[in-house]
Amino acid sequence: MGRYEKVLNMLMDYDESIRLAIISNTSGNILWNSKRSDAKLNVPIAETKKALKRESEDWVDRCKAADRTALGAPLYHITSFEKTKRVTLPIDAFHLLFLSVDNTPMKNTKKKSYGRMVEMGKILSIVDFVNTFE
Amino acid sequence: MLFVDKYEKLLDMIMDFDETVRFAAVTDENGQILWNSQRTGLKNIVSVSETKQTISRALHAWKENAGFKKYIGSGLYSIASYEKIKRITVPLDNGKLLFCTVNNEPLKLAINRRKSYGHLADMGKILSIVDFIKSQK
């Protein structure tokens, strides 16, 4: 199994709220993907592809900004909607990871909920772990 | 509450709630900074022109994100996390945008244990402040 497939498998295994995981190149073209079997995707795949293109362009800008400034390396980007969180992060110099994560509030929330927390530390540690393999 | 008061209050509340917030601004739909607040004693790590570019890119992204409302609901916030800071944007009313930067340098305690990827941004608190301000007349 390749490194990128391993990332997708580990991510899908670790958190059931991840509905779709995609690895794209830096132009936003989908190279590998994994969809949770019982999950219904709310966004048509054509729209997701458009979002990936824009995200990949934004990542190029972010990396350039990091080179020009003292921000440090860019780690991840989250866009949160009422029903879904979109997470993108660079896996290496040539590939991006895109995740669509369920964001519908838990039923037992007492006060207004703005959705679920995405455990980015865990996601980043999975990516770092898989990147130690060649 | 007057428009000016409303957004100044938003910035005050954001700066008061968490000392890791370094800078907060409200922009119009064209990316012009209308109000801003910077934590005293902190030095900018990026230039104002760089911040304006970031805001412009964020506004463009939020305009495109509006097209996803029918599928996944309204956009709530975005976070771009770098090793040293997090940049947060929250869409406000009438195309306005809240932009803030938050310190993201790992807590010293975390160094001895395992690799830290920075601070958690308390988005629930930030969004509840935004909702409170939106509810003010």
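Chains as they are written, first to last, in the working numbering: chain A, 1 to 134; chain B, 1001 to 1137.
Every residue gets a Cβ at the ideal spot worked out from N, C-alpha and C, and that includes glycine.
Distance between beta carbons of residue j and residue i, contact taken as under 8 Å
{"i": "A/Tyr114", "j": "B/Leu1127", "result": "5 Å"}
{"i": "A/Glu55", "j": "A/Leu96", "result": "7 Å"}
{"i": "B/Asp1093", "j": "B/Lys1063", "result": "Between B/Lys1063 and B/Asp1093 the Cβ distance is about 15 Å, and since that is not below 8 Å, they are no contact."}
{"i": "B/Thr1089", "j": "B/Ala1058", "result": "4 Å"}
{"i": "B/Phe955", "j": "B/Lys1125", "result": "Limits of chain B in this structure are 1001 at one end and 1137 at the other, which puts residue 955 of chain B out of reach."}
{"i": "A/Ser24", "j": "A/Phe98", "result": "6 Å"}
{"i": "B/Gly1073", "j": "B/Ser1056", "result": "No, B/Gly1073 and B/Ser1056 are not in contact; Cβ-Cβ is about 25 Å, not under 8 Å."}
{"i": "A/Leu20", "j": "A/Asn29", "result": "With 8 Å as the limit, A/Leu20 and A/Asn29 do not qualify as a contact, their Cβ atoms being about 16 Å apart."}
Between the CA atoms of residue j and residue i - distance to the nearest angstrom
{"i": "A/Ile18", "j": "B/Tyr1077", "result": "19 Å"}
{"i": "A/Gly72", "j": "B/Ser1081", "result": "10 Å"}
{"i": "A/Asp102", "j": "B/Thr1027", "result": "30 Å"}
{"i": "A/Thr132", "j": "A/Lys112", "result": "41 Å"}
{"i": "B/Ala1066", "j": "B/Arg1039", "result": "32 Å"}
{"i": "A/Lys50", "j": "B/Gly1041", "result": "42 Å"}
{"i": "B/Val1130", "j": "B/Phe1068", "result": "22 Å"}
{"i": "B/Asn1103", "j": "B/Gln1053", "result": "20 Å"}
{"i": "A/Glu119", "j": "B/Tyr1007", "result": "31 Å"}
{"i": "A/Ile22", "j": "A/Thr48", "result": "10 Å"}
{"i": "A/Ser37", "j": "A/Leu11", "result": "14 Å"}
{"i": "B/Met1013", "j": "A/Ala93", "result": "39 Å"}
{"i": "A/Arg116", "j": "A/Met106", "result": "7 Å"}
{"i": "B/Leu1010", "j": "B/Ser1037", "result": "10 Å"}
{"i": "A/Ala39", "j": "A/Asp61", "result": "32 Å"}
{"i": "A/Glu5", "j": "A/Glu16", "result": "17 Å"}
{"i": "A/Phe81", "j": "B/Lys1043", "result": "33 Å"}
{"i": "B/Thr1153", "j": "B/Leu1034", "result": "It is not possible to answer for residue 1153 of chain B, since the shown part of chain B is limited to 1001 through 1137."}
{"i": "B/Leu1097", "j": "B/Lys1070", "result": "21 Å"}
{"i": "B/Glu1083", "j": "B/Tyr1117", "result": "7 Å"}
{"i": "A/Leu41", "j": "A/Leu89", "result": "21 Å"}
{"i": "A/Asp58", "j": "A/Val130", "result": "24 Å"}
{"i": "A/Val87", "j": "B/Gln1136", "result": "32 Å"}
{"i": "A/Thr79", "j": "B/Gly1075", "result": "8 Å"}
Residues that residue i contacts on chain B, provided the C-beta gap is smaller than 7 Å
{"i": "A/Ile78", "result": "Ser1078, Ile1079"}
Per-residue burial, residue i [other beta carbons within 10 Å of its own, 16 or more giving buried]
{"i": "A/Pro44", "result": "exposed"}
{"i": "A/Arg68", "result": "exposed"}
{"i": "A/Lys85", "result": "buried"}
{"i": "B/Val1048", "result": "exposed"}
{"i": "A/Gly2", "result": "exposed"}
{"i": "B/Ala1121", "result": "buried"}
{"i": "A/Tyr14", "result": "exposed"}
{"i": "B/Ala1024", "result": "buried"}
{"i": "A/Lys64", "result": "exposed"}
{"i": "A/Leu31", "result": "exposed"}
{"i": "A/Ala46", "result": "exposed"}
{"i": "A/Ala70", "result": "exposed"}
{"i": "B/Phe1099", "result": "buried"}
{"i": "B/Gly1095", "result": "exposed"}
Interface residues of chain B facing residue i [CB-CB closer than 9 Å]
{"i": "A/Phe81", "result": "Asn1065, Phe1068, Lys1069, Tyr1071, Ile1072, Gly1073, Ser1074, Gly1075, Leu1076"}
{"i": "A/Pro74", "result": "Ala1080, Ser1081, Tyr1082, Glu1083"}
Contact list for residue i against chain A, beta-carbon separation under 7 Å
{"i": "B/Gly1124", "result": "Tyr114"}
{"i": "B/Ile1085", "result": "Leu71"}
{"i": "B/Ala1025", "result": "Under the 7 Å cutoff, chain A gives no residues; its nearest Cβ is about 17 Å from B/Ala1025."}
{"i": "B/Leu1127", "result": "Tyr114"}
Chain-ordered neighbours of residue i on chain A, where CB pairs are closer than 8 Å
{"i": "B/Ile1045", "result": "Thr69, Ala70, Leu71"}
{"i": "B/Tyr1007", "result": "Simply none; closest approach about 21 Å."}
{"i": "B/Arg1057", "result": "Asp58, Asp61"}
Interface residues of chain B facing residue i [CB-CB closer than 8 Å]
{"i": "A/Leu99", "result": "Those do not exist, as A/Leu99 stays about 14 Å from chain B at its closest Cβ, beyond 8 Å."}
For the segment 7-89 of chain A, which segments carrying the alpha helix (DSSP H) assignment without a break, of at least 4 residues, lie completely within its bounds, in sequence order?
Runs found: 45-68.
* Asked: Taking only runs of the beta strand (DSSP E) that begin and end inside the segment 1066-1121 of chain B, which ones reach a length of at least 3 residues, in chain order?
  -> List check, beta strand (DSSP E) in window: 1075-1082, 1085-1091, 1097-1103.
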